Every structure is written in structure tokens, then in C-alpha cells.
Amino acid sequence: MALVKWEPIREIEDLFDRYTSKLGWPSLGREAFSTTEWSPKVDISETDQAFTIKAELPEVRKEDIKVNIENGMLSISGERKQEKEEKDKKFHRVERFYGSFMRSFTLPDNVDASQIKAEYKDGMLNLSLPKTAENKPKATEVKIQ
Numbered sequence: 337m338a339l340v341k342w343e344p345i346r347e348i349e350d351l352f353d354r355y356t357s358k359l360g361w362p363s364l365g366r367e368a369f370s371t372t373e374w375s376p377k378v379d380i381s382e383t384d385q386a387f388t389i390k391a392e393l394p395e396v397r398k399e400d401i402k403v404n405i406e407n408g409m410l411s412i413s414g415e416r417k418q419e420k421e422e423k424d425k426k427f428h429r430v431e432r433f434y435g436s437f438m439r440s441f442t443l444p445d446n447v448d449a450s451q452i453k454a455e456y457k458d459g460m461l462n463l464s465l466p467k468t469a470e471n472k473p474k475a476t477e478v479k480i481q
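Residue numbering for the sequence shown follows my numbering, starting at 337 and increasing by one per position.
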């Protein structure tokens, strides 16, 4: 008998698929999730001069990315297109997510929205959000009554 690695998540998915198939619902295995909305991972950092947002967008074309600022919200949206199965090519496993994505972030009051810059290179979207000089945070003591 061969040893098989136990994968509890896969076991739960299989159990769920067996249950839903008895109800006549479509299967929701991993492959079904490959075309749903997904969210790119981001890193947000801050210096005295600016905030920086770095978003991982591998295999997303620059033309398929939109960055918008509206009502104090910064939104990054776009789409990663799935590779189509070709005549001589058959996929055995698809674990990456495809389709539309959107991430939104509330901008702090001290960001100069008119000076935000975006750069896209090697699957990384880098946003620089400069801070305004007049809204630097200052310490205020609150008296306890």
C-alpha cells in the first residue's frame, strides 16, 4: 500500500462536491474557482514623504489595468485572461485565478491625489502616493476628565 499525503482541504471539497451533486447543484471543485473574481496581493508602506502600494499582477497586461481615484478611494482593477486550451495542449491542473479583479483603498487625508504616480514593470504595479506638506500629523494631548 502506497503512502498518500493527507490534504484536509481537498477532503472537505470532495465531501462538499458529493453532497451538492446529490442535490443536483453544479460541482464547485477548485477548477470552478479558476474563473471567478480574485484579488491581487499588495504591500503598503509609508515614509515621511509618501505612501507606496505594490500590487502583484503577474501575466496581466498593462492595458488591462485601471487605477482610479474617486471620493477619497483609490481603486485598482483589471483582468487576467485565461489561456485557452489548444488542440495539442491539455491542462491537468489549474490553480491560478483568472478573470476580473478589484482592490480599493481609502486614501488618508494627507495624500496629494493629483500627484499620484503609477509604474508597471515585470508584473508589479507600483503606486507612489505623495503626502501633502500642510497636513502632517501633529501630536495632541487629550485631557482625561
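Backbone N, C-alpha and C fix where the C-beta goes; we use that ideal spot for every residue, glycine too.
Fair warning: this is a prediction, and the values are worked out from it, not measured in the lab.
Note the first and the last residue of the continuous beta strand (DSSP E) segment covering residue i.
i: residue 387; result: 386-392
i: residue 380; result: 378-382
i: residue 437; result: 435-442
i: residue 416; result: 409-416
i: residue 464; result: 460-466
i: residue 401; result: 401-406
Applying the 10 Å Cβ sphere with the 16-neighbour rule, what's the burial state of residue i?
i: residue 465; result: buried
i: residue 480; result: exposed
i: residue 478; result: exposed
i: residue 389; result: buried
i: residue 348; result: exposed
Find out if the Cβ-Cβ distance for the pair residue i, residue j is shorter than 8 Å.
i: residue 377; j: residue 392; result: yes
i: residue 441; j: residue 461; result: no
i: residue 405; j: residue 452; result: yes
i: residue 463; j: residue 408; result: no
i: residue 439; j: residue 375; result: yes
If I measure Cβ to Cβ from residue i and keep anything under 7 Å in the same chain, skipping five residues before and after, which residues do I get?
i: residue 386; result: 464, 465, 466, 467
Just reading off the alpha helix (DSSP H) that residue i is part of, what are its end residues?
i: residue 355; result: 344-358
When you measure from the CB of residue i to every non-hydrogen atom of the ligand FAD, does any distance come out below 7 Å?
i: residue 388; result: This structure simply doesn't include the ligand FAD, nor any ligand for that matter.
| query | Taking contact to mean at least 3 C-beta pairs separated by less than 8 Å, is the segment 386-401 in contact with the segment 413-420? | reply | yes
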